[in-house]
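When the letters of the sequence shown are read in order and numbered with UniProt numbering, they come out as residues 1 to 207.
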Amino acid sequence: MYNNKIFIMIMAGSMTMGLLNSSDCLSKTIKENNVVIMSENEYGIKNRANIKKISNLKRLHDERLKAYRVKQIKKACGVSVTATDRKILERIVEAEAGGEDHKGKVLVANVVLNRVKNKSFPSTIKDVVFAHRGGTYQFSPIMDGRYYTVNVSDDTKSAVKDALAGVDHSAGALYFMERALADKGNVSWFDRCLTRLFRYHCHEFYK
Numbered sequence: 001m002y003n004n005k006i007f008i009m010i011m012a013g014s015m016t017m018g019l020l021n022s023s024d025c026l027s028k029t030i031k032e033n034n035v036v037i038m039s040e041n042e043y044g045i046k047n048r049a050n051i052k053k054i055s056n057l058k059r060l061h062d063e064r065l066k067a068y069r070v071k072q073i074k075k076a077c078g079v080s081v082t083a084t085d086r087k088i089l090e091r092i093v094e095a096e097a098g099g100e101d102h103k104g105k106v107l108v109a110n111v112v113l114n115r116v117k118n119k120s121f122p123s124t125i126k127d128v129v130f131a132h133r134g135g136t137y138q139f140s141p142i143m144d145g146r147y148y149t150v151n152v153s154d155d156t157k158s159a160v161k162d163a164l165a166g167v168d169h170s171a172g173a174l175y176f177m178e179r180a181l182a183d184k185g186n187v188s189w190f191d192r193c194l195t196r197l198f199r200y201h202c203h204e205f206y207k
């Protein structure tokens, strides 16, 4: 069950995602390279991207994940993790922070893990990463398909390993954004509705 006060897209890469909020935090459009790819209607934001292509990528991804074991292991970070969860975490970190250094990647993993431990969000890594309302996903790489096409680097795997082992630089952050690429309305929502914690390279972290 989602918190009725906040439903927000995390922004990364070249896409600026829209906001969903019970009060005044709705954005009207989502743009990539100045081209509107999604727009809002009465019930939320509808995806106009190539849904068939992304659906096929998702199916292939799901089939690959079936090959991994499902035994849960309680990691030092305080989250129960399956082999599948670990692969999902590696892919979302690569998609969101592939150009960041080791600490920047650990920070993105920390945000996902913080959400798992927070009652306002789903309770597994998989459910946090794929969280959505209608056609609106919390993480833009799921929406635009980047998640399914990245090649996970050794450094990203190492960063995820560190985060699962308890390395935490996040100060409890639950959200992050890249201000330079964000829609002005979205930036305003972050600044008004959330508590800014710190900036690390291109990402700013909030809770």
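Quick reminder that beta carbons are idealized off the backbone N, C-alpha and C, glycines included.
Bridge-paired residues (DSSP) for residue i
i, result
"I73", "V81"
"F205", "F176 and F198"
"T136", "R133"
As assigned by DSSP and simplified to three states, the class of residue i
i, result
"F130", "coil"
"T124", "coil"
"V169", "Sequence inspection shows His at residue 169; the Val mentioned does not correspond to that position. In this structure, H169 counts as coil in the three-state DSSP scheme."
"K119", "coil"
"K31", "Because the pLDDT at K31 is just 42, under 50, the model does not fix this residue reliably, and the point stays unresolved."
"I45", "Because the pLDDT of I45 is 43, which lies under 50, any placement of that residue in the model is unreliable, and the number read from its coordinates should be weighed accordingly. Reduced to three states, the DSSP call for I45 is strand."
"K52", "helix"
Extent of the continuous alpha helix (DSSP H) to which residue i belongs
i, result
"D191", "K184 to C193"
"G104", "H102 to V116"
"V150", "Run containing V150: none; DSSP gives neither H nor E here."
Expected contact under 8 angstroms - CB spacing of residue i and residue j to nearest Å
i, j, result
"Y206", "G104", "Wrong, their Cβ atoms sit about 16 angstroms apart, outside the cutoff."
"V160", "A109", "5 angstroms"
"A76", "A165", "5 angstroms"
"A163", "L113", "6 angstroms"
"K117", "V79", "6 angstroms"
"F139", "E178", "About 13 angstroms separates the two Cβ atoms, so there is no contact after all."
"I125", "L89", "5 angstroms"
"H203", "Y148", "Not really, about 22 angstroms apart at Cβ, beyond 8 angstroms."
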